[in-house]
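Numbering (the numbering used here), first residue to last: 3 to 111.
As structure tokens, this is what we get:
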């Protein structure tokens, strides 16, 4: 995600809601990769909006099957590290379908 990306900013409230629903669940980890290349700017953006999601600096290349360059891109991996979901574009992550998918994924072996 990036602070300059309108679709990224637009979906942040729903991602924040999803994050808050699962933040204490040790089986689900949220990682927000900073595409700005300016981690302090991204952290300030999150803090100013009272978003609690953790932001990480990208320090190596990301495989193209995970991130092709489109923003926003959301990926979900299963417990074995396999890509289970990939979506490019804005989405409503507060949707029950996403919550159900995460619950089903964490229950699977």
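C-beta: ideal position from N, C-alpha, C; glycine also.
Can you tell me which of the options puts its alpha carbon nearest to the alpha carbon of residue i?
i: residue 37; options: 96, 15, 50 and 11; result: 11
i: residue 84; options: 47, 108 and 13; result: 108
i: residue 4; options: 19, 31 and 60; result: 60
i: residue 80; options: 48, 29 and 46; result: 29
i: residue 52; options: 70, 21, 68 and 66; result: 21
i: residue 97; options: 6, 7 and 19; result: 19
i: residue 33; options: 17, 47, 39 and 93; result: 17
i: residue 56; options: 47, 86 and 68; result: 47
i: residue 106; options: 58, 95, 93 and 86; result: 86
Which stretch, first to last residue, makes up the alpha helix (DSSP H) that contains residue i?
i: residue 100; result: 98-109
Considering just the uninterrupted stretch of the beta strand (DSSP E) at residue i, what are its terminal residues?
i: residue 85; result: 85-90
i: residue 57; result: 57-59
i: residue 34; result: 34-36
What do you reckon, are the CB atoms on residue i and residue j nearer than 9 Å?
i: residue 88; j: residue 77; result: yes
i: residue 9; j: residue 91; result: yes
i: residue 93; j: residue 64; result: no
Which residues does DSSP pair with residue i in a beta bridge?
i: residue 78; result: 87
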